[in-house]
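Each remark here refers to the structure printed beneath this line.
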């Protein structure tokens, strides 16, 4: 089997969504998606991309993950940033840390012997996300996630919920959509996936209408989702002209648009056990800007 994936882009930015929002993260955007959600802001990833081997992808992730995105550091002669990145302990992969770790003090994997006396240890950014498109459409996304986990990264995957998530490495944090009516893809939800979710996973509802909100509430109650994992209510940010595509489905007729304030106030009024979120990167940068 070929060890390649079709990759749209790899970039370092801030995580704009999920419980990891605000943290620097290396994104791997894979090409292709079999859904055409009405609000999709990455239609360019349906077809655009180049084949890259798993080794090339890992190399690209490591380079962007640091230390400090390849900036020059005052290190002793012969110190290798690659060694510092690849020898770190997975046990510290969930935190951004500058300074000696317990492993370093104990002489463990996260060694600081390459640094000048008094200079703190510098560890790479630990967070990597596979997104798309739909990452699970490419079978080699599975070995890539395992490879990244083995390399000590905290790995996230954004998936539509239309494909089997049970084969994903259990170390991966799965952020799974349940598609609401306004997406035009509600029939594609694979509810069997709910049985495979763990406390470290997350369920995302992308909400653009009042009907989406009510539907999401019904699913939470029917499947007791709040007892499984964190729940995200993500407001639909209007598409910029550059993001619109004729390939996307239309919002079904008769639905009532909801503003982000209305969504927030409904969550408060109903005291829902969910996390309200907006896409932070679209506030910081122009909504149509890629690589952020």
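Residue numbers (the working numbering): 194 to 485. Ideal Cβ positions, reconstructed from N, Cα and C, are used throughout, including at glycine.
One thing to note: residue 377 has its Cβ no nearer than 9 Å to the Cβ of residue 330. Spatial neighbours of residue 237 in its own chain (CB-CB distance under 8 Å, excluding positions within 5 residues in sequence) are listed in chain order as 201 and 483. Straight across, the Cα-Cα distance linking residue 453 with residue 481 is about 19 Å. In this structure, the CA atom of residue 360 is about 18 Å from the CA atom of residue 325.
The beta carbon of residue 413 sits closer than 7 Å to those of 419 and 424, all from its chain and outside the five residues before and after it, given in chain order.
Contact between residue 374 and residue 428 fails: their C-beta atoms lie close to 15 Å from each other, not under 8 Å.
For residue 473, the enclosing alpha helix (DSSP H) begins and ends at 473 to 477.
By alpha-carbon distance to residue 432, the top candidate from 479, 248, 341 and 449 is 479. Distance check between residue 196 and each of 247, 390 and 371 places 247 closest, using alpha-carbon atoms only.
Looking at the DSSP output, residue 243 sits in a beta bridge with 200. When rounded, the separation of the alpha-carbon atoms in residue 362 and residue 347 is 12 Å. Annotation for residue 334: the continuous alpha helix (DSSP H) segment containing it runs 334 to 343. Restricting attention to 466, 402, 404 and 394, the CA atom closest to the CA of residue 358 is found in 394. Here residue 434 carries a helix assignment [DSSP, helix/strand/coil]. Boundaries of the beta strand (DSSP E) around residue 397: 395 to 400. Closest in C-alpha terms to residue 356, from the list 335, 222, 345 and 460, comes 335. Ranked by Cα distance from residue 251, the first of 345, 351, 472 and 354 is 345.
In the three-state scheme derived from DSSP, where H, G and I count as helix and E and B as strand, residue 421 is classed as coil. Within the same chain, Cβ atoms closer than 7 Å to the Cβ of residue 399 are found at 232, 370, 373, 376, 427 and 429, the five residues on either side in sequence being excluded. Inclusion of residue 207 and residue 216 in the CB contact set at 9 Å is warranted, their separation being smaller than that value.
Beta-bridge pairing by DSSP links residue 453 to no other residue.
With contacts defined as CB atoms closer than 9 Å, residue 213 and residue 320 qualify as a contacting pair. Rounded to the nearest angstrom, the gap between the Cα atoms of residue 244 and residue 337 is 14 Å. In this structure, the CA atom of residue 403 is about 31 Å from the CA atom of residue 224. If you look at residue 407, you'll find it in the alpha helix (DSSP H) that goes 403 to 416. Straight through space, the alpha carbons of residue 249 and residue 415 are spaced by roughly 44 Å.
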